[in-house]
Amino acid sequence: MTTMGTPTPAPIVRLVDNDPQVLKAVSRLLASAGLQTEASTSTREFLDHYDASVPGCLVLDLAMPGGSGLDLQRALIDRHVDMPIVFLSGRNDVPSSVQAMKDGAFDFLTKPVDAEVLLSAVRHGIELDRAHRSHAEEEQQLQARLATLTPREREVLPWLVSGKLNKQIAAELGVVEKTIKVHRARVMEKLGVGCLADLVRLASRLHVGPTAN
Numbered sequence: 105m106t107t108m109g110t111p112t113p114a115p116i117v118r119l120v121d122n123d124p125q126v127l128k129a130v131s132r133l134l135a136s137a138g139l140q141t142e143a144s145t146s147t148r149e150f151l152d153h154y155d156a157s158v159p160g161c162l163v164l165d166l167a168m169p170g171g172s173g174l175d176l177q178r179a180l181i182d183r184h185v186d187m188p189i190v191f192l193s194g195r196n197d198v199p200s201s202v203q204a205m206k207d208g209a210f211d212f213l214t215k216p217v218d219a220e221v222l223l224s225a226v227r228h229g230i231e232l233d234r235a236h237r238s239h240a241e242e243e244q245q246l247q248a249r250l251a252t253l254t255p256r257e258r259e260v261l262p263w264l265v266s267g268k269l270n271k272q273i274a275a276e277l278g279v280v281e282k283t284i285k286v287h288r289a290r291v292m293e294k295l296g297v298g299c300l301a302d303l304v305r306l307a308s309r310l311h312v313g314p315t316a317n
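Per the working numbering, residue 105 is the first one in the sequence shown, and the count goes up by one each step.
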């Protein structure tokens, strides 16, 4: 996936753990699988260097001084950062794991973690992030298309997806049928659709419903 001709950066697995030995061991494991890593020893260090434009996932220690893994997770939520998180914990902490999952973590592993289990979780996280970014980019492009409509075309759009005929819409809006035909053609061209069924599906994705009249 590219944006404006710029290649998407390679994914990075962010590692946050206050134990340098753990960071070193996990970094080596992921590097042996061809994955790039970026290590931080605290939540503050991570937040100071985090670049949201770079894809990847986060492998996060649960218990750390100066800000726990759950604290960092909540900080990311507050910043509207939707990044897949794999939690690592030194103990089987059920309440914390439940809270982490409620807040959006997709995996919670207990140390010492099996290498293949961790690699599988990280790869899954990267794929989730890739899918999320692709979807977000598509939505952004759709919103950009919608923004090209004139106010009048935006007004007519719910009528176009209501299933009414051009002459019925014209009567409702007090204009001639030819005007609705022109609006329909321009709306479909600007939104990049070739038939009414595609226009209805696209309008639904844009949360534009048919008029109730």
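Quick reminder that beta carbons are idealized off the backbone N, C-alpha and C, glycines included.
Beta-carbon to beta-carbon, residue 111 and residue 160 are separated by about 15 Å, too far to satisfy the 8 Å threshold. The C-alpha of residue 212 is placed about 18 Å away from the C-alpha of residue 129. Nearest to residue 215 by alpha-carbon distance, out of 123, 113, 313, 314, is 123.
By the C-beta criterion, the region 131 to 149 is judged not to be in contact with the region 258 to 272, since fewer than 3 inter-stretch pairs fall below 8 Å.
Three or more beta-carbon pairs drawn from the region 229 to 237 and the region 184 to 191 are found closer than 8 Å, and the two stretches are therefore classed as touching.
In this structure, the CA atom of residue 301 is about 39 Å from the CA atom of residue 226. When secondary structure is reduced to three states using DSSP, residue 141 falls in the strand class. Cβ contact annotation for residue 141 (same chain, cutoff 7 Å, sequence separation greater than five): 116, 117, 119, 131, 134, 135, in chain order. Per the coordinates, the alpha-carbon of residue 262 lies some 13 Å from the alpha-carbon of residue 309.
Looking at the backbone, the Cα of residue 251 and that of residue 295 are separated by about 10 Å.
Within the same chain, 119, 127, 131 come within 7 Å of residue 143 by CB-CB distance, once the 5 residues on both sides are set aside. Our two residues, residue 170 and residue 163, have alpha carbons roughly 18 Å apart in a direct line. Going by C-alpha positions, residue 168 is about 15 Å away from residue 204. For residue 257, same chain residues with a beta-carbon under 7 Å away, outside a window of 5 residues either side, are 287, 290, 291 in chain order.
C-alpha of residue 299 to C-alpha of residue 157: approximately 35 Å in a straight line.
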